[in-house]
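In this text, residue positions in the sequence shown follow the working numbering: the first is 39, and each later residue adds one.
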Amino acid sequence: MTGRPTSTALAAVLALAAALALSACAPDPDAAPGPTAASPVVSSTPTGTPIPTITPTVAPASIPTDCRTILTADVLSQLGSIPLNDPKLGASGVQPDGSLICIWRDPAADTTGLVTRISRMDRGPALDMLNDLVNTQGFSCYTPDEGTRCEKTWINTTYAVNDGRTLFWRNDVLIDTQYSNLAPTGYTASIIAAIYG
Numbered sequence: 039m040t041g042r043p044t045s046t047a048l049a050a051v052l053a054l055a056a057a058l059a060l061s062a063c064a065p066d067p068d069a070a071p072g073p074t075a076a077s078p079v080v081s082s083t084p085t086g087t088p089i090p091t092i093t094p095t096v097a098p099a100s101i102p103t104d105c106r107t108i109l110t111a112d113v114l115s116q117l118g119s120i121p122l123n124d125p126k127l128g129a130s131g132v133q134p135d136g137s138l139i140c141i142w143r144d145p146a147a148d149t150t151g152l153v154t155r156i157s158r159m160d161r162g163p164a165l166d167m168l169n170d171l172v173n174t175q176g177f178s179c180y181t182p183d184e185g186t187r188c189e190k191t192w193i194n195t196t197y198a199v200n201d202g203r204t205l206f207w208r209n210d211v212l213i214d215t216q217y218s219n220l221a222p223t224g225y226t227a228s229i230i231a232a233i234y235g
């Protein structure tokens with residue numbers, strides 16, 4: 039006559055069954071690797087696709103307080119004698135909210151000039167705004183210098199000159215430049231280098 043299994047024997051049977059079930063789920067070390075999810079590719083050239091998410095890794099950058107010191111000697115030479123922050127053109131320089139507005143324009147000129155505003159903007163609103171420029175206004179964006187840069191040029195509706203806008207966001211600071219018939223080579227790159235080093 040066989041007796042009922044003891045609790046020790048029953049526990050051993052259950053442990054063996056569990057081990058067999060788990061071994062059936064374990065990967066075969068000699069099997070070829072299966073397909074893996076592709077990593078997102080971030081383009082280094084301008085595209086019309088949505089902005090990739092960038093996670094800031096350092097504290098927010100400081101906003102400069104001087105429009106000249108953020109530009110290299112080469113960029114300043116390209117601006118030549120164009121007046122900076124003429125009072126006739128409205129608010130400029132350091133603003134009450136800590137932002138900096140730089141207006142390079144002769145108030146007597148019909149179109150030639152540029153305006154840069156450097157301000158604090160959190161990551162979420164900044165990327166929403168840049169994505170909207172891509173989706174609704176045809177801006178091209180890419181990710182140089184550990185940030186996100188968007189830009190677009192077009193022909194002025196009144197004069198036969200190029201107008202444009204360039205934006206760069208990184209570490210909660212937005213550099214936003216709008217220009218008409220005045221686009222010094224290296225202008226935005228100079229400001230990026232001055233802010234982020």
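Glycine included, C-beta positions come from ideal geometry on N, C-alpha and C.
When you compare only the Cα positions, how much space is there between residue i and residue j?
i	j	result
I233	L205	14 angstroms
Q216	A97	27 angstroms
G202	P125	23 angstroms
V199	S228	24 angstroms
A99	P121	28 angstroms
L165	A231	21 angstroms
S115	L109	10 angstroms
Looking at C-alpha atoms only, which residue of the options is the closest neighbour of residue i?
i	options	result
W207	G136, M167, V132	M167
L152	Y180, T107, C188, S130	S130
N123	D112, A111, L138	L138
L191	P145, A221, D148, T110	Per the sequence shown, residue 191 should be read as Thr rather than Leu. Among P145, A221, D148, T110, the Cα nearest to that of T191 belongs to A221.
E184	D112, P163, D210	D210
V113	T223, T196, S100	T223
M159	N219, S218, I101	I101
V132	S119, T110, Q116, C105	C105
D135	T103, N194, T150, G118	T103
If we count the other Cβ atoms within 10 Å of its Cβ and call it buried at 16 or more, is residue i buried or exposed?
i	result
Y225	buried
T154	buried
Between residue i and the rest of its own chain, which residues show a CB-CB distance below 6 angstroms, the 5 nearest in sequence each way excluded?
i	result
I213	I156, F206, I229
Leaving out five residues before and five after residue i in sequence, what residues of the same chain have Cβ atoms less than 7 angstroms from its Cβ?
i	result
L127	I141, R143, P145
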